[in-house]
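J.:
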Amino acid sequence: MTDIAIIGGTGALALLPEEGVSSTVHTTAYGDPSGPVFEWSVAGSRCLFLPRHGLDGTIPPHRVNYRANIQVLKDMCAERVVGINAVGGICAAACPGHLALPDQMIDYTWGREHTFFDATDVAVTHIEFDPPIAPALHARLVYQAGKLGLSCLAGGVYGVTQGPRLETAAEIDRLERDGCDLVGMTAMPEASLAKEAGLDYAVCALVVNHAAGRAPGDAGIHDQMERSIEQAMRQAGRLLEAILSD
Ligand code: HPA
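In the numbering used here, the protein residues as written are 130 to 375.
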């Protein structure tokens with residue numbers, strides 16, 4: 130098929146192929162993206178990869194330059210973006226180590242540069258943000274995950290919190306009452322900026338822990354993350370390989 134750009138979260142550099150990858154450094158009208166853009170090809174199609182938290186993983190979710198990240202991919206002629214996002218599971222079906230492919234979002238973030246339509250000397254622009262996840266790209270992910278037999282929650286609501294701290298159990302109860310199945314810190318304003326830029330955007334979430342107050346037993350969130358991230362990343366790698374060559 131055609132080109133796909135990946136915005137990879139924590140640990141996702143492991144998804145890059147071992148050979149045939151080049152990287153270039155860019156800047157944009159909105160400042161510097163999080164890192165170089167890696168590029169390689171699969172079956173004649175170009176794939177791009179941008180590390181959301183920087184090469185050394187030092188940019189926290191609230192300090193990511195989401196506008197520059199989306200703009201650099203647009204400048205490089207990407208049309209479809211898959212965000213790899215670590216999340217906590219709120220609903221019972223979102224188990225650590227599994228993938229989740231949400232199709233809705235609630236934005237709880239604040240203070241992030243969240244729009245390209247910020248000028249005061251042009252007509253005001255309001256994009257439609259529903260559906261927040263591009264249906265065709267989401268459907269490709271769901272189809273390939275099913276074909277591969279991955280442990281995956283298809284659909285669901287991703288609540289995006291400000292971070293970088295994790296939530297209280299009461300905050301997770303509130304998110305659940307709001308309808309959230311997953312909680313993470315990075316899909317917004319990434320998704321809405323992609324929409325403003327005219328790019329298709331979908332999320333491949335790695336469930337790396339039970340959300341605060343939801344773990345059976347007394348395992349801490351960081352212990353759960355350590356145990357689950359590798360399993361979830363392995364599944365994400367298989368899924369991306371499949372959609373990059375479908
Ligand atoms: N909460 C918010 N963000 C996260 C979590 C969580 O439990 N796990 C991974 N990212």
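Ideal Cβ placement from N, Cα and C applies to all residues, glycine included.
Model, not experiment: these values are computed from the prediction.
In three-state terms, what does DSSP make of Met354?
T.: DSSP places Met354 in helix when its eight states are reduced to three.
J.: So if DSSP puts Gln233 in a beta bridge, which residue, or which two residues, is it bridged to?
T.: Paired residues: Val286.
J.: Compute every distance between the C-beta of Ala215 and the non-hydrogen atoms of the ligand HPA, then say whether any falls below 6 Å.
T.: Under cutoff, so the answer is yes.
J.: Regarding Ala340 and the ligand HPA, is the C-beta to nearest heavy atom distance less than 6 Å?
T.: Yes, Cβ of Ala340 sits closer than 6 Å to a heavy atom of the ligand HPA.
J.: Go through its chain and collect everything with a Cβ distance to Asp132's Cβ below 8 Å, but skip five positions before and after it.
T.: Ser174, Arg175, Cys176, Leu177, Cys206, Ala207, Glu208 and Arg209, listed in sequence order.
J.: Could you tell me which residues DSSP pairs with Ser374 in its beta bridges?
T.: Answer by DSSP bridge pairing: none, since Ser374 is not bridged.
J.: Less than 7 Å separating the beta-carbons of Met354 and Val332?
T.: The answer is no: Cβ separation not under 7 Å.
J.: Give the secondary structure of His243 by DSSP, where H, G and I count as helix, E and B as strand, and everything else as coil.
T.: Residue state, collapsed to three classes: coil.
J.: Would the C-beta of Gly313 count as close to the ligand HPA, meaning under 6 Å from any of its heavy atoms?
T.: Yes, the beta carbon of Gly313 sits closer than 6 Å to at least one heavy atom of the ligand HPA.
J.: Which of helix, strand or coil does DSSP assign to Gly366?
T.: Gly366 falls in the helix class under three-state DSSP.
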